[in-house]
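Residue numbers (our numbering), protein chains in the order written: chain A, 1 to 362; chain B, 1001 to 1362. From the three backbone atoms N, C-alpha and C, an ideal C-beta is built for every residue, glycine too. One structure is given below, encoded as structure tokens.
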DNA sequence: TCACATCAATCAAACGTTTGACCAGCTAAA
DNA sequence: TTTAGCTGGTCAAACGTTTGATTGATGTGA
């Protein structure tokens, strides 16, 4: 493996045959073109010398690679970015494709340069992936074999795999609805990300469907809600509107703030107030107590399906006509939802002494 | 950019010159080998046709690529995996290198296959990166240009960039020490990960240095402490040993459980009990209230420095002799540490009504 | 006028692989 | 005896690029 690895000619010399035959035998295309004895000799020589084909030469000759470009937009801004990436990598490998990875910022110029670079490397197709669902500014020239995952292009009509925001969030909300909640508040992102727009709309639908009380008044918007505004929002909600029995959160991060507010207010989850969210960042949703009932963003599925579609396209056996594929996230039920407390009961009654006593007993 | 891009011969024909000259001009090596007029004509033709060099052919001819292999071990198990990856990618690009990405499980066989694959792609060097600090099982054959980031190999003596566990964690502990804390408990991982072993030792050193009381008794070990045991640990600590004024946590995730326990126990942070941790997962450390004072794992620096070292090695201009490089994480001071409460004061006095009243005033 | 430099450009080989065309020797059917 | 087919291989061209060697002008100094 060091510096120079053996080449076809070395194996051929060692086995006393031509390079052609070695190539044929090693690629399996030369069945019945040589004797078993020679075949064995060639294979032994290849093994002995640790021969590995030079993919550069092979691809040059064959006029195509088995490499796909993964163009990742601002990977680091999100935790769990890895999951889409991992899914893409594994799917590619399982089809014997390799991954050429470039990460850039979300602007047409950087993306254009990255695409040119990939073209130079003769990738057969490109997957553009982002780590939160948004629009990507595309340059003029685009490869024909292009698929989007967790984002969508500003131009063109390419296969696009995104989370089914509406259907997914609806699962969370339905959980509240069928549990009997009527007084549901929602803490939503105000900036017009696709996720925010869709989830807001979903809340309206759910409110109508389940006949939630005062739902219009109970929608609370914050710009850049990720920056810790869940706490303030929940404080405001519970203090100004104590009849609320459930809070739906834009995402897990918001829910984390909500938990802290409810904790401080001595409102117990879920017996006094139920909480649902979106994302399922295990670090949060599994780390909170009680565990957060939330919808898992389908990062893995988006990565896998986008790559498989891309490969089908590259191999010209894509029969799907649908461009936009929305993937529904799975509802992960933990312990943050229960039936609503009786309508007459104040939320400010959650006894805190209970867990304390439990512990003190022993 | 579609399917077939123009090649040297096309540009040559368009400009009415030989391919040699086009190559020379476009690579800048042909200064004063042709007239300015011809040079302009060639460049115009190249632009017109959207010519992009075929890197396969170039690398084959030049007998070397500018591609480095990034072998990532189990990327998805950690959030913020992206940061190391991003750092590696950006550093590589800034030196005009590209990244060939493979992600595998931590076993010698998978890693061996990935390395062979990279060798086939003629990478000039390999960076093996993991997303938590541990040992990597290596196969027999290893490339000569190999560097480790956030992990280390079971064999061989390769440049290795890891977090300075001791020096970093000591920053957190020193923060407690110089604030005057004497009764410090620690919640530590029991499994013998390098991080756990080193951080345990660091705690012992700090305890000795600052003359912490009963420190041996105040070390609490949990196997797989990431699975939410911070809560139970903190409960146990505060109920059995209420004189504790500060809790040092193995990592942010543990601190998250500690916060929840202290919240339930009505112990306020930091006025009654201070908390420090390790990792600085912004999702947690920035999302908790009050913000968690913790040490940032130097993912970005490890990625960057490892790649730059690797490139120096590949270009045979590496003058460093040191193999193991420990990178110190930065202490991120937020609001979870204060001076210890008076020795006579019980921790169970944090008034919860205060923030409630504040809010009710308006 | 000759030798020699310089300029502007071309030639041709090579990188490692793949693969259709070819070939020599043998057997079996026509 | 010819023909055809099989067995067990080899030959040589090609993929797109780079680059040392070469070349044919033109200019220049002795």
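Which same chain residues, not among the five before or five after residue i, have their C-beta less than 6 angstroms away from its C-beta?
i, result
"residue 1254 of chain B", "1187, 1225, 1230"
"residue 288 of chain A", "259"
"residue 330 of chain A", "296"
"residue 313 of chain A", "145"
"residue 1171 of chain B", "1295, 1331"
"residue 114 of chain A", "71, 102, 104"
Which residue's Cα is closest to the Cα of residue i: the options?
i, options, result
"residue 67 of chain A", "A:49, A:80, A:89", "A:89"
"residue 1338 of chain B", "B:1280, B:1296, B:1268, B:1322", "B:1268"
"residue 324 of chain A", "A:120, A:11, A:43, A:158", "A:158"
"residue 1315 of chain B", "B:1053, B:1097, B:1021, B:1085", "B:1097"
"residue 332 of chain A", "A:306, A:305, A:345, A:297", "A:297"
"residue 1246 of chain B", "B:1271, B:1222, B:1223", "B:1271"
"residue 1320 of chain B", "B:1020, B:1147, B:1222, B:1280", "B:1147"
"residue 222 of chain A", "A:240, A:209, A:206, A:192", "A:192"
"residue 1241 of chain B", "B:1318, B:1207, B:1220, B:1263", "B:1220"
"residue 1239 of chain B", "B:1033, B:1228, B:1261", "B:1261"
"residue 1042 of chain B", "B:1052, B:1014, B:1069", "B:1014"
"residue 1189 of chain B", "B:1163, B:1228, B:1214, B:1181", "B:1228"
"residue 182 of chain A", "A:206, A:197, A:163", "A:206"
"residue 163 of chain A", "A:214, A:279, A:109, A:60", "A:279"
Tell me which same chain residues have a C-beta within less than 7 angstroms of the C-beta of residue i, skipping the five on either side of it?
i, result
"residue 1095 of chain B", "1311"
"residue 1039 of chain B", "1025"
"residue 1154 of chain B", "1135, 1136, 1137, 1138"
"residue 1353 of chain B", "Residue placement at residue 1353 of chain B cannot be trusted, given a pLDDT of 39 that sits under 50; what the coordinates show is reported in the next sentence. No residues qualify anywhere along the chain."
Could you tell me whether the Cβ atoms of residue i and residue j are closer together than 8 angstroms?
i, j, result
"residue 161 of chain A", "residue 256 of chain A", "no"
"residue 202 of chain A", "residue 169 of chain A", "yes"
"residue 1075 of chain B", "residue 1131 of chain B", "yes"
"residue 1176 of chain B", "residue 1273 of chain B", "no"
"residue 306 of chain A", "residue 127 of chain A", "yes"
"residue 308 of chain A", "residue 144 of chain A", "no"
"residue 165 of chain A", "residue 141 of chain A", "no"
"residue 1348 of chain B", "residue 1266 of chain B", "yes"
"residue 1086 of chain B", "residue 326 of chain A", "no"
"residue 1252 of chain B", "residue 1294 of chain B", "yes"
"residue 1124 of chain B", "residue 1064 of chain B", "yes"
"residue 83 of chain A", "residue 300 of chain A", "yes"
"residue 1034 of chain B", "residue 1021 of chain B", "yes"
"residue 116 of chain A", "residue 1052 of chain B", "yes"
"residue 167 of chain A", "residue 55 of chain A", "no"
To the nearest angstrom, how far is it from the Cα of residue i to the Cα of residue j?
i, j, result
"residue 1243 of chain B", "residue 71 of chain A", "54 angstroms"
"residue 1233 of chain B", "residue 1258 of chain B", "7 angstroms"
"residue 362 of chain A", "residue 1342 of chain B", "With a pLDDT of 36 at residue 362 of chain A, under the threshold of 50, the modelled position of that residue is not reliable, and no figure is offered here."
"residue 1345 of chain B", "residue 1235 of chain B", "18 angstroms"
"residue 133 of chain A", "residue 195 of chain A", "7 angstroms"
"residue 57 of chain A", "residue 1009 of chain B", "19 angstroms"
"residue 49 of chain A", "residue 1122 of chain B", "17 angstroms"
"residue 149 of chain A", "residue 1216 of chain B", "51 angstroms"
"residue 1389 of chain B", "residue 1107 of chain B", "In the structure as shown, chain B begins at 1001 and stops at 1362. Residue 1389 of chain B is therefore absent and cannot be evaluated."
"residue 212 of chain A", "residue 119 of chain A", "53 angstroms"
"residue 1018 of chain B", "residue 1012 of chain B", "5 angstroms"
"residue 1283 of chain B", "residue 81 of chain A", "13 angstroms"
"residue 1359 of chain B", "residue 204 of chain A", "Caution applies to residue 1359 of chain B, whose pLDDT of 39 falls short of 50 and renders its modelled position unreliable; the model cannot decide the point."
"residue 1285 of chain B", "residue 1073 of chain B", "25 angstroms"
"residue 1031 of chain B", "residue 1037 of chain B", "12 angstroms"
"residue 357 of chain A", "residue 1110 of chain B", "Because the pLDDT at residue 357 of chain A is just 39, under 50, the model does not fix this residue reliably, and the value given afterwards should be weighed accordingly. When rounded, the distance between both Cα atoms is 51 angstroms."
"residue 291 of chain A", "residue 178 of chain A", "20 angstroms"
"residue 1173 of chain B", "residue 263 of chain A", "28 angstroms"
Excluding sequence positions up to five away, which residues of its chain have a Cβ less than 8 angstroms from the Cβ of residue i?
i, result
"residue 78 of chain A", "131, 132"
Give me the subset of the stretch 1079-1096 of chain B whose CB atoms are less than 8 angstroms from a CB atom of chain A, sorted by chain position.
1079, 1080, 1081, 1082, 1083, 1085, 1086, 1089, 1090, 1093
Where the stretch 1028-1049 of chain B meets chain A: residues whose CB sits under 7 angstroms from a CB there
none
Taking a cut of 9 angstroms between CB atoms, which residues from the stretch 1256-1271 of chain B lie near chain A?
1256, 1257, 1259, 1260, 1261, 1263, 1264, 1265, 1266
Short-range partners of chain B found in the stretch 120-146 of chain A, where Cβ spacing is below 8 angstroms
120, 121, 122, 131, 141, 142, 143, 144
Given a limit of 8 angstroms on CB to CB distance, which residues of the stretch 1286-1298 of chain B reach chain A?
1286, 1287, 1288, 1289
Select from the stretch 216-243 of chain A all residues with a C-beta closer than 7 angstroms to any C-beta belonging to chain B, and list them in chain order.
228, 231, 235, 239
Closer than 9 angstroms between beta carbons: that is the criterion. Which residues of the stretch 1004-1023 of chain B meet it against chain A?
1005
Taking a cut of 9 angstroms between CB atoms, which residues from the stretch 1185-1217 of chain B lie near chain A?
none
Closer than 9 angstroms, Cβ to any Cβ of chain B: which residues of the stretch 47-66 of chain A, in chain order?
50, 52, 53, 54, 55, 56, 57, 58, 59, 60, 65
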